[in-house]
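**Student:**
4 protein chains.
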Amino acid sequence: MTATVGRRLAAEFTGTGLLVAVVVGSGIAATSLTTDAALRLLVNSLVTAMGLAVLILTFAPAGGAHFNPLVTAADWVLGRRTHHRYSLGEAAAVICAQVAGAIGGAALADAMFGQAVLSPSRTGRTGPPLLLSEVVATAGLLLVIVTLSRTGRTKHAPWAVGAWIGAAYWFTASTSFANPAVTIGRTLTTTYAGIAPGSAPAFIAAQAVGATFGTLLAVTIHPVTSAPAPADTPAQLAG
Amino acid sequence: MTATVGRRLAAEFTGTGLLVAVVVGSGIAATSLTTDAALRLLVNSLVTAMGLAVLILTFAPAGGAHFNPLVTAADWVLGRRTHHRYSLGEAAAVICAQVAGAIGGAALADAMFGQAVLSPSRTGRTGPPLLLSEVVATAGLLLVIVTLSRTGRTKHAPWAVGAWIGAAYWFTASTSFANPAVTIGRTLTTTYAGIAPGSAPAFIAAQAVGATFGTLLAVTIHPVTSAPAPADTPAQLAG
Amino acid sequence: MTATVGRRLAAEFTGTGLLVAVVVGSGIAATSLTTDAALRLLVNSLVTAMGLAVLILTFAPAGGAHFNPLVTAADWVLGRRTHHRYSLGEAAAVICAQVAGAIGGAALADAMFGQAVLSPSRTGRTGPPLLLSEVVATAGLLLVIVTLSRTGRTKHAPWAVGAWIGAAYWFTASTSFANPAVTIGRTLTTTYAGIAPGSAPAFIAAQAVGATFGTLLAVTIHPVTSAPAPADTPAQLAG
Amino acid sequence: MTATVGRRLAAEFTGTGLLVAVVVGSGIAATSLTTDAALRLLVNSLVTAMGLAVLILTFAPAGGAHFNPLVTAADWVLGRRTHHRYSLGEAAAVICAQVAGAIGGAALADAMFGQAVLSPSRTGRTGPPLLLSEVVATAGLLLVIVTLSRTGRTKHAPWAVGAWIGAAYWFTASTSFANPAVTIGRTLTTTYAGIAPGSAPAFIAAQAVGATFGTLLAVTIHPVTSAPAPADTPAQLAG
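Residue numbers (my numbering), protein chains in the order written: chain L, 781 to 1019; chain W, 781 to 1019; chain E, 781 to 1019; chain F, 781 to 1019.
1) Would His-936(L) pass as an interface residue toward chain W - the criterion being a Cβ-Cβ separation below 7 angstroms?
2) Just the Cα atoms here: how many angstroms apart are Thr-782(L) and Leu-789(L)?
3) Taking only beta carbons into account, state which residues of the segment 951-978 of chain E come closer than 9 angstroms to chain F, listed in chain order.
4) Starting from the beta carbon of Val-916(W), find every residue of chain E whose beta carbon is closer than 8 angstroms, and list them in chain order.
5) Would you mind stating whether Thr-794(L) and Ala-818(F) have Cβ atoms separated by less than 7 angstroms?
6) Would you kindly work out how many angstroms separate the C-alpha atoms of Asp-917(E) and Arg-860(L), rounded to a whole number?
7) Could you tell me whether the Cβ of Thr-903(W) comes closer than 7 angstroms to any Cβ of chain E?
8) Less than 8 angstroms between the CB atoms is what I'm expecting for Trp-939(L) and Ala-873(L), so what's the real figure, rounded?
9) What three-state label does DSSP hand Asp-890(F) in the structure shown?
10) What residue ranges within the segment 810-875 of chain L form continuous alpha helix (DSSP H) runs of no fewer than 4 residues, ordered along the chain?
11) Using a Cβ-Cβ cut-off of less than 8 angstroms, give me the residues of the segment 851-872 of chain F that come near chain E, in sequence order.
12) Relative to the C-alpha of Leu-912(E), which residue among Ala-998(E), Asn-848(E), Thr-931(E) and Phe-951(E) is closest?
13) Consider the Cβ of Ile-945(W): report whether some Cβ of chain E lies at a distance smaller than 7 angstroms.
14) Measure the CB-CB distance between Ala-896(F) and Ile-1001(E) and report whether it falls below 7 angstroms.
15) Of the choices Gly-831(F), Asp-816(F) and Arg-787(F), whose alpha-carbon is the least far from that of Gly-805(F)?
16) Can you give me, in chain order, the residues of the segment 792-821 of chain L that have a beta carbon less than 9 angstroms from any beta carbon in chain W?
17) Over what stretch of residues does the alpha helix (DSSP H) that includes Arg-966(W) continue unbroken?
18) Within 7 angstroms (strictly less), CB to CB, does Thr-838(F) reach chain E?
19) Taking 7 angstroms as the limit between beta carbons, can you name the residues of its chain near Ala-980(F), skipping five residues before and five after?
20) Report the three-state DSSP secondary structure of Ala-998(F) (helix, strand or coil).
21) Less than 7 angstroms between C-beta atoms, sequence neighbours within five positions excluded: which residues of the same chain meet that for Ile-769(L)?
22) Along the chain, where does the alpha helix (DSSP H) that runs through Tyr-1021(L) open and close?
23) Could you give the distance in angstroms between the alpha-carbon of Ala-887(F) and the alpha-carbon of Ala-988(F)?
24) For Arg-865(F), which residues in the same chain have their Cβ closer than 6 angstroms to its Cβ, ignoring the five residues on either side in sequence?
25) On the criterion of 16 or more Cβ atoms from any shown chain inside 10 Å, does Thr-862(W) qualify as buried, or is it exposed?
26) Arg-933(W) versus chain L: which residues are under 7 angstroms apart at the beta carbon?
27) Among residues of its own chain, excluding the 5 on either side of Phe-839(F), which ones have a beta-carbon nearer than 6 angstroms to its beta-carbon?
28) Considering only their Cβ atoms, is the gap separating Ala-973(F) from Gly-807(F) smaller than 7 angstroms?
29) Could you check whether the Cβ of Val-834(E) sits closer than 7 angstroms to any Cβ belonging to chain W?
30) When burial is assigned at 16 or more other CB atoms within 10 Å of the CB, is Leu-868(E) buried or exposed?
31) Can you tell me whether Leu-799(F) is helix, strand or coil according to DSSP?
32) Residues of chain L with a CB under 7 angstroms from the CB of Gly-920(F): which are they?
33) For Ala-842(E), which residues of its own chain have a beta-carbon under 8 angstroms away from its beta-carbon, when the five flanking residues on both sides are left out?
34) Using a cut-off of 8 angstroms between C-beta atoms, extract the partners of Ser-913(L) located in chain W.
35) Just to make sure I have the definition right: I need the residues of chain W whose C-beta is within less than 7 angstroms of the C-beta of Val-827(E). Which are they?
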């Protein structure tokens, strides 16, 4: 493992961990402070949007700030024939770092609020509307990321991705998990943002379907890759 | 139909569809979570602002990210004598894609929340204050877009247009539809964001009046077109 | 009157008018939708921040997007010995356009909501804490604007000024009018955002004191003017 | 003391003062307008995020806009072997200006709202969850700032730092003070944002631990300093 790969794994572990801490922690705080369900979700969504944007800005130079196995998978597939290519082993290691970070982030949030740490959630999230929602939210996420990459505008990714997820909390029925690593992390908290382990596989499958659809749509609309992004912008997805 | 036109139609269909899904879906979620009418509209307006900005960022390179027949009309009229010109047939096809996307987006949002799909709204929205509001909201929208285009600053369009619509939800009495395609899409949901089909024609007429006024004002204040926008920014309106 | 001056006056009239319409209109809507006083002010402040940012972006190229007699006054004084200089008559005309626009904007908002048009407010706003608040809010506003101008970074002015005013709604006791033209416009509405005509002179005097202080502080910290802003950014204040 | 150092001290004093005024003042206003605890904290967090971003934008050119002794300490340590280096005495003077400004800002906010000025807070904030929260919030803050500096992207610092702190109000249990100078200032208000003097030392110690950890993590992930930031961006941290 080279130093560069090591730094990338550290960035993906830390970034995904802080992202889950933001999601879970703000859910705990909002739940404890109000009984209004819309105000709780408004806090959760705005805080996630702000936190996600900052984390992408911070960790992008160290290797893309994916924080999401489906983004890494799309990046690996689309980058195979470019100079951005990296090995399947590195992609797998990145995904492992994301999942480990997500679990650590859930534990960190619960510890900060004095909650039980690493207890499985009992919040069932099931049914066709929620799964359709995950398809739509994840399709849109990949559509945004792949399009920005293929048009050489990844400098817009931090705030655009934050805004997309912030909006998708509300316009989908599932509050837009859209991320298998984050979904796994959220199975291990008994608080507001949790999801029962039994509900996770269908969520992750729906996310994979959506990611495939969104990536294909982006590639169809933008068949030719633009020039690479300027050096100072994050290379979130290779083209 | 060339590949480029096909991609533009796909972008306008998908973008307008997701925009209406954002508007309708967030309205359903907000209504189900709180009884406070201001909190509902705050959610609806902030989510629309974020979602609209991301969608413009994402779809602009494929053909302008108009999502709005009045923006396309202004673009077509103002671009006739420039190298941005395109045929009346292409403009009409773009508008058809926008309307079809808007209807699809309303259906998608209702499906995600398990609501009746493609049922006509029974929410009447009538009266001079609401029509004056649509004139003002749409005039301002075109003033913003045409001015940014004519001063070579369309790179600001995504967040500026999102912020304008987000603000206009509140400072107008109509919650600022400001878009005939979106208005048609919103006739086909029985939820919070719906508008009765009978109320739509007057809304659309008021929007057309406002768009004309806003475009003329922008052209009057900026009679000479600036240099074209840099290559990496969306050409939202030809000059 | 040259065409350029005419366009500047049109921009200042329209921009200030829409700004007051945003402030007054969102206040009416928020008041009608909730009884929670904090939610009302949150709506009013966020909508003003978004609206103000868009309006500055839109109208800056036509002559600075001041919308505020104290900004125009500071610009005129600081620009006298530079190539940005313009006549005292032009400055006076700009201020008249701002005041006329503000009055028109209040009337427009009241008309959009079916309220009495151009009726004087009966909302007294008096006392040392409120006047100190106006000093602080206006000092900060001029500190931000003059500093961005003197450091060649006026491209940041739209969102920075919007954020400053949005924040100042809350951290001052007066909800931060910080603008004599807007203050005059707000004397002519009986709604949430109004101010009784008898309270206006002291507000305006406090604003003038704050503007003087903020401008002097900015000039002290940045005694040398930086290079002019790039051509595509608004020249909000001459150096 | 050279003129440049004097201007830097004036900027740090004023900027930190206005930051504390924003935090304390918005807390007073929110508390007076609603009984909903989540709405109070939402106002406090959003207003702080907006205000902090503007203040960094405004004061960065005069010397970095640290407003935080731990940021100054990290900057001094990391900058020792670069051309950004400055004396230990200057760093100490900057920190004194920050603390003095923070105290002044608390007094200013209380004066604007007619509250007792410079009275010690009686709000105890203690316990392991809160101290862990301060470690996490401050580690993340330094991670963001040092990373942006070492990757030559300090132009993103204003909005990124604002968003980080705005999010950390919610995802930590301590509402994220993350700043020793601000913590000291907040001991001197009896209002919502106050902290009892007896709780401050442990908070500050936790912040120092977090800052050390965050700085080391950023330096580990980005061992080589990038090219200096472009001239028009704030040099928030030397490399």
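Every residue gets a Cβ at the ideal spot worked out from N, C-alpha and C, and that includes glycine.
**Tutor:** According to the data block:
1) Taking the first residue of the first sequence as 1, we reach residue 936(L) at position 156. True, the Cβ-Cβ gap to chain W drops below 7 angstroms.
2) Taking the first residue of the first sequence as position 1, residue 782(L) is located at position 2. Taking the first residue of the first sequence as position 1, residue 789(L) is located at position 9. When rounded, the separation of the alpha-carbon atoms in Thr-782(L) and Leu-789(L) is 11 angstroms.
3) When CB distances to chain F are screened at a threshold of 9 angstroms, the residues of the segment 951-978 of chain E falling below it are Phe-951, Thr-952, Ala-953, Ser-954 and Thr-955, in chain order.
4) Taking the second sequence and counting its residues from 1, the one referred to as residue 916(W) is at position 136. Contacts between Val-916(W) and chain E, judged by CB atoms closer than 8 angstroms, involve Ala-801, Leu-888 and Met-892 in chain order.
5) Here residue 794(L) refers to the residue found at position 14 of the first sequence. Here residue 818(F) refers to the residue found at position 38 of the fourth sequence. The Cβ atoms of Thr-794(L) and Ala-818(F) do not sit closer than 7 angstroms to each other.
6) Looking up residue 917(E) in the third sequence gives position 137. Looking up residue 860(L) in the first sequence gives position 80. According to the sequence shown, residue 917(E) is Ala rather than Asp. Between Ala-917(E) and Arg-860(L), the C-alpha separation is close to 55 angstroms.
7) One-based indexing of the second sequence puts residue 903(W) at position 123. At least 7 angstroms separates the CB of Thr-903(W) from every CB of chain E.
8) For this step, residue 939(L) is matched to residue 159 along the first sequence. For this step, residue 873(L) is matched to residue 93 along the first sequence. The pair is not a contact, with the Cβ atoms about 28 angstroms apart (cut-off 8 angstroms).
9) Here residue 890(F) refers to the residue found at position 110 when the fourth sequence is read from its first residue. In this structure, Asp-890(F) counts as helix in the three-state DSSP scheme.
10) As far as the segment 810-875 of chain L is concerned, its whole alpha helix (DSSP H) runs of at least 4 residues are 817-839 and 849-859.
11) Closer than 8 angstroms at the C-beta level to chain E, one finds no residue of the segment 851-872 of chain F.
12) For the purposes of this step, residue 912(E) is identified with residue 132 of the third sequence, where counting begins at 1. Checked all of Ala-998(E), Asn-848(E), Thr-931(E) and Phe-951(E); the closest Cα to Leu-912(E) is Phe-951(E).
13) Position 165 of the second sequence holds residue 945(W). It does not; no Cβ of chain E falls within 7 angstroms.
14) For this step, residue 896(F) is matched to residue 116 along the fourth sequence. For this step, residue 1001(E) is matched to residue 221 along the third sequence. Ala-896(F) is not a Cβ neighbour of Ile-1001(E), given a cutoff of 7 angstroms.
15) Sequence index remark: in the fourth sequence, residue 805(F) carries index 25 (1-based). Measuring from the Cα of Gly-805(F), the nearest candidate turns out to be Gly-831(F).
16) Legend: CB atoms of the segment 792-821 of chain L lying less than 9 angstroms from CB atoms of chain W belong to residues Asp-816, Ala-817, Ala-818, Leu-819, Arg-820 and Leu-821.
17) As a first step, residue 966(W) must be located in the second sequence, where it is residue number 186. Unbroken alpha helix (DSSP H) run through Arg-966(W): 960-966.
18) Start at 1 with the first residue of the fourth sequence, and residue 838(F) comes out as number 58. Using a Cβ-Cβ cut-off of 7 angstroms, Thr-838(F) counts as an interface residue toward chain E, since at least one Cβ of chain E sits closer than that to its own.
19) Numbered from its first residue, the fourth sequence carries residue 980(F) at position 200. When the five nearest sequence neighbours on each side are left out, the beta carbons in the same chain lying within less than 7 angstroms of the beta carbon of Ala-980(F) are those of Thr-963, Ile-964 and Thr-967, in order along the chain.
20) Here residue 998(F) refers to the residue found at position 218 of the fourth sequence. The three-state secondary structure of Ala-998(F), taken from DSSP, is helix.
21) Any property of residue 769(L) remains undetermined from this structure, which presents chain L solely from 781 to 1019.
22) The first residue shown for chain L is 781 and the last is 1019, placing residue 1021(L) beyond what the model contains.
23) The residue labelled residue 887(F) in the question sits at position 107 within the fourth sequence. The residue labelled residue 988(F) in the question sits at position 208 within the fourth sequence. If I take the Cα positions, the gap works out to 25 angstroms.
24) Taking the fourth sequence and counting its residues from 1, the one referred to as residue 865(F) is at position 85. Result list for Arg-865(F): Gly-859, in chain order.
25) The residue labelled residue 862(W) in the question sits at position 82 within the second sequence. That one is exposed.
26) Counted from its first residue, the second sequence places residue 933(W) at position 153. Within chain L, no residue comes near Arg-933(W); the closest Cβ sits about 16 angstroms away, beyond 7 angstroms.
27) If you number the fourth sequence from 1, residue 839(F) lands on position 59. Same-chain partners within the cutoff: Ala-791, Gly-795 and Ala-845.
28) Residue 807(F) sits at position 27 when you count from the first residue of the fourth sequence. Residue 973(F) sits at position 193 when you count from the first residue of the fourth sequence. Yes, Cβ-Cβ distance for Gly-807(F) and Ala-973(F) is below 7 angstroms.
29) As a working mapping, residue 834(E) is identified with position 54 in the third sequence. Judged by the 7 angstroms Cβ criterion, Val-834(E) is in contact with chain W.
30) Here residue 868(E) corresponds to residue number 88 of the third sequence, with the count starting at 1. The residue is exposed, with fewer than 16 neighbouring Cβ atoms inside 10 Å.
31) Here residue 799(F) corresponds to residue number 19 of the fourth sequence, with the count starting at 1. DSSP places Leu-799(F) in helix when its eight states are reduced to three.
32) As a position in the fourth sequence, residue 920(F) is number 140, starting the count at 1. In chain order: Leu-798.
33) Indexing the third sequence from 1 puts residue 842(E) at position 62. Arg-787, Arg-788, Ala-790 and Ala-791, listed in sequence order.
34) The residue you call residue 913(L) lines up with position 133 of the first sequence. Neighbours of Ser-913(L) on chain W, chain order: Met-892.
35) Taking the first residue of the third sequence as 1, we reach residue 827(E) at position 47. Here the neighbours are Ala-947, Trp-950 and Phe-951.
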